[in-house]
Every structure is written in structure tokens, then in C-alpha cells.
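Contents: one structure, followed by commentary.
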Amino acid sequence: MDKTDYSMLGKIAGMSSIPSVGAYNIRKNGVGIERRSTENIEITPKKDNPGIDIRIKPGTKAEKVHIPVIITEEGVNDLVYNDFYIGEGADVEIVAGCGIHNSGCKTSEHDGIHRFFIGRNAKVRYVEKHYGEGEGTGKRILNPTTQVYMQENSYCEMETVQIKGVDSTVRETTAELAEGAKFVVLEKLMTHGSQKAQSNMTVNLNGSDSSAQIVSRSVAKDTSEQVFKPTAVGNAYCKAHVQCDSIIMDGAKISSVPAITANNADAHIVHEAAIGRINNDQLLKLMTFGMNEQEAEDVIIQGFLS
Amino acid sequence: MLEIKNLSFTVENGNTETGIVNDISMTVPDGRLIVITGPNGGGKSTLARLIMGIEKPTGGQIIFNNEDITNLSISERAKKGIGYAFQQPPRFKGLTVRRLLSLAHGSELPEDRCCSYLTKVGLCSQDYLNREVDSSLSGGEVKRIEIATLMARELLLAIYDEPEAGIDLWSFTMLVDSFKSMMADRKESVVIISHQERIMKLADEIIIIADGKIRAQGSRDEIFPKLMGEFDNACKFREQSV
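Just so you know, the sequences run in chain order A and B.
In this text, residue positions in the first sequence follow this note's numbering: the first is 68, and each later residue adds one.
In this text, residue positions in the second sequence follow this note's numbering: the first is 649, and each later residue adds one.
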């Protein structure tokens, strides 16, 4: 692990060093390089596929797991399967994230396939940050697939952030909610240059009294393109709210296609979507604080994606 | 001291030019509180926006503390100590009240300072510090926060553009009270654009602007009785009181 590694770990997982407590797994250039299990959280490599199984004992409280991935070489194509088994009544935070530093001319890609099996009454907060850097012309590609299976009265909060520097991303997310389960998603994404981002999400509310809140906020600069397709499907007495909100700049293109389906008369589902420029009065207001236009724009974007 | 010399602002409308501000000259001596009033569409807000630099004049000069600031940008004027409270303040998704006050101040403000500003504008600070300045706030709440952003700055000249606009009767009474106490211990010069009798009563001097020109100006005791007489129809401030 060198300086670049730690700099990227800091950006994607808030780690400036190896955590002194708690379970973690660090994957670099397609190989697991450091790992620690704890009494309640066991991390084991998969036998049939690249990737790990993370098993969290029932009743585990207030513990954190860090599973960051970094790629520092060009031409890496890393496909990884990670499965999370969260025991009944556990309450944990999982910090993932992927950083690519590509100084070469060949594409580096990380495709993480994550499955979450969340037990009854368990509570999970999942944070995932994606970031790309490097002076090379090689593309930085991240295609995460996330599948969430939620048992009765479980709670899952997912915050996914694409900070910058990712040339192409296609996110595929699905969730299945049993009775009383609650799924909260906050997706934040910024694209610039000629980057492309697509996020497809389907949340099936299968159990009575289940609920979902899906919020996506994005900023598209330069000639980048974004497509959002979040879908909520109500199959029982349930509540869901889908919201897409984007700031469009320069020559960017954004398409927001929130969809809602009710297969049960007791489903209550709402969607809203908005795309627009930065409001001129917002810029003027911040300029009356002494900022120049660029500084004002940065503050507005930073706030919007905070 | 702010000196406005022969200031004009015209807009082109097809082939004709319409004067919004026509050859206005006035001064705001240090520490004075001046209320500008007059009918809607008379040029008051444009004058305020010209002083802040949001609009560029088509003629005349603006001198601030002996320096010609006519061609300075908004942010350059801000750095010289001029502040402007918008008539319709914009909202910011994701920016908390605390962050907005810190941005106004120019550096991170300690919690107790933020709280004291919010208390002064009649907001219960603990309820508001971490709220976002977005559409979840009412018009009255946003206006109060707008006033607090001016307090968070160290200003030499504060301009308030119709602080009462968009505020309900209940909030307005509290707003006037907060303005009263704010004005009592202020150091900066203040220009308030207002239609409200109770705000005019705080003024050292009142200026009446209509059709882009100064129609009358003088001390509060001199101008205030006139508002009840000859300018009553033009100003309509009593009908517009909330």
C-alpha cells in the first residue's frame, strides 16, 4: 500500500489507515490484499468465484465493515461477487467504494456484484463511493450490480455516490421487500467531460406495510450524459416515493424516467422528476456574499450533492 | 458614505427606450437609516440592484466611501461591505441554514453566533440550524433567514428590498419588532425599501421615488405627514399594509 492507495481509500471509504477495530477487506488490482474478521463479522473468500462472503451474526450492534476496492493499474478488468448475510436484529454499517487510478492508456474496469440478504428486524446502512483519477487516456469504468433481499421489518439505507472521474457507469439495482421492510436510497452522481452514466433500479414492495424512498440527485456538466430509470412496484399495502432531481449544465444531456406500478389497490406510490439549470438568483445571492460566479456555482453543486 | 450621482437605467423595448431609473442623485451618510418608498414599478428595486451591482447603470455614477464603484462587479462591491437582502430570496437545495450563514460570513460560524442571528430575526435557532433552505421553508421563514444572512456579514451598507413582502400578518409584526431592535444597535448605514408605515417610522430620512425619479426627500418628520396627504394615492402604503 502506498500514498496513492491511501489517498484513494480516503476518498472512497474515509480510511486514512487500516482501521484499528472492525472487520475489513481491501481489494487491489483484482486481488484481496488485506482482510480481518471479528467475533461477529466473518469475511471469507469465495471458493467458486472471485469475491467474498460477509457474514454478520444475529444481534450484532453498532459495528462497521469496510470493503473498499482500488485499482491502480491500467488494463485491469475486475469482476467480483460479494455476498452480505446480515443476521436477524443486527445493526451495522457497511462502507464500500471503488477508486480507479489509471495513468495508462488501457481501460480499467471494476464490476462489483453485491447481494444483500438482510434478516428480520436487521438494520443496515450501506455507503458506496466511486471515484476515478489518473492522467492516462485509459477509461475508468464502474458497473455495479446490487441486489437486496429484505426480510420482515428490516431496514436498509443505501447512499451511493459517484464523486468524479468515472468515464462510464451502468448501475443495476433491485430490491425485494417483505412485510414491514423499509428501503431508503440516496443516489448522488456527478458526470463531466464526455462521461456516461446510467442507473436502472427496480424496487418490488411485496410485503404489507413495506415502504421505499428513492432519491436521486445529479449534476451533469460539459457533454456528459445521464439516464435514470428508477421503478417502484407496489404488490401489497405499501408506500413508495421516487424522486429524481438534476442540475444540467453546458452541453450535457439528462433523461429521467421514473416509473411506478401498482398491482394492489392499497399501494400508494408517488414519483417526481425535475431537470433544470442553476437558478440565476442563486448565483446572484452568493455573489452578494463576495463569491465570483465560479465559486458560487461550486457551492450550489456541492450543496445539491451533499 | 454612499453617493449616487445622476444615476439612470433604461431598457430597450423594441425601438423605444424606457427609463426605469431617471437621473437620480442622493446620498446615504454613514450610520443613517433611509427608507425608500413609492408606488410599485417606480424604480425602487432597480435602484437597490444598481447599488449592489446586480444591474449595470446606463448613466451616472455610484461613489462608495470616496471610491467610484460604478464599474465594479457584485462580488467586488460585496467585499467593500455592501450587502443586499433580496425581495424574493432564492432557495438552495442541500444548503443548511447554518452553512448559508457561514457562507455569508465568509468562514465557518460558531453555533452560538448562528443562533444569536436567528434569534434576532425571531426564529427558534435550534429548530432551524440544520434545516435546508429549500421549499420546505415558508416564505416568511426564508425572508427572516435572508435578513439573518446580512447580519452574519460585517457590512458598511445594508440594503433590504421590501423585507415585509410575502410575509403574513403574524410574522410581519414580529419582523418589525426584530428590525426595531436590530436597528437600535447597528453600526452600518441602512437602506430599506418598504411600503410599511411601521418600517418608515424607523427611518432617519424618507425618500419617495415614482416614475424613476425622486419625488420628495427629507427627514421622517417632514415627509411622513406628506405621505398621508399628497403622496397617499401614489404610495398606497396603507392599503398594502398586510
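Yeah, the Cβ is synthetic: ideal placement off N, Cα and C, and Gly gets one too.
- In this structure, residue 676 (chain B) lies near residue 837 (chain B), with their beta-carbon atoms less than 8 Å apart.
- Along the stretch 338 to 356 of chain A, going in chain order, the ones with a CB nearer than 8 Å to a CB of chain B are 346, 348, 349, 351, 352, 353, 354, 355, 356.
- Residues of the same chain with a CB within less than 7 Å of the CB of residue 722 (chain B), apart from the 5 flanking positions on each side, are 700, 701, 702 in chain order.
- For a cut-off of 8 Å, the C-beta gap from residue 155 (chain A) to residue 188 (chain A) is around 6 Å, short enough to register as a contact.
- Looking only at A:354, A:198, A:168, A:212, the smallest Cα-Cα distance to residue 183 (chain A) is reached by A:212.
- What residue 367 (chain A) touches in chain B, judged by beta-carbon distance under 7 Å, is 740, going in chain order.
- Residue-level contact by beta carbon holds for residue 723 (chain B) and chain A, with a gap shorter than 8 Å.
- In this structure, DSSP gives residue 88 (chain A) a state outside helix and strand, which the three-state scheme calls coil.
- One finds nothing in chain B with a Cβ atom closer than 7 Å to the Cβ of residue 316 (chain A); even the nearest lies about 15 Å away.
- DSSP places residue 741 (chain B) outside both helix and strand once states are collapsed to three, so it counts as coil.
- Short of 7 Å from the beta carbon of residue 107 (chain A), and not among the five residues preceding or following it, lie these beta carbons of its own chain, in chain order: 123, 124, 127, 130.
- Cβ-Cβ distances below 8 Å link residue 366 (chain A) to 353, 358 in the same chain, with the five nearest sequence neighbours on each side left out; the list follows chain order.
- Residue pairing by DSSP puts residue 94 (chain A) in a beta bridge opposite A:99, A:136.
- Note that the C-beta distance between residue 258 (chain A) and residue 291 (chain A) is below 8 Å.
- Across the stretch 694 to 720 of chain B, CB contacts with chain A closer than 8 Å involve 700, 702, in sequence order along the chain.
- DSSP places residue 254 (chain A) inside the beta strand (DSSP E), whose first and last residues are 249 to 258.
- Residue pairing of residue 240 (chain A) in beta bridges, as defined by DSSP: A:213, A:268.
- Look at residue 743 (chain B): its C-beta is under 8 Å from a C-beta on chain A.
- At least one C-beta of chain B is nearer than 8 Å to the C-beta of residue 372 (chain A).
- The C-beta separation of residue 751 (chain B) from residue 356 (chain A) comes to about 6 Å, placing the pair in contact by the 8 Å criterion.
- By the neighbour-count criterion, in which 16 or more other beta carbons inside 10 Å mark a residue as buried, residue 817 (chain B) falls on the exposed side.
- Of B:852, B:783, B:842, B:662, the smallest CA-CA separation from residue 693 (chain B) is found for B:842.
- With fewer than 16 neighbouring CB atoms inside 10 Å of its own CB, residue 758 (chain B) falls in the exposed class.
- Note that the stretch 766 to 784 of chain B does not touch the stretch 324 to 332 of chain A; fewer than 3 beta-carbon pairs, one per stretch, sit closer than 8 Å.
- Collapsing the DSSP output to three states places residue 836 (chain B) in coil.
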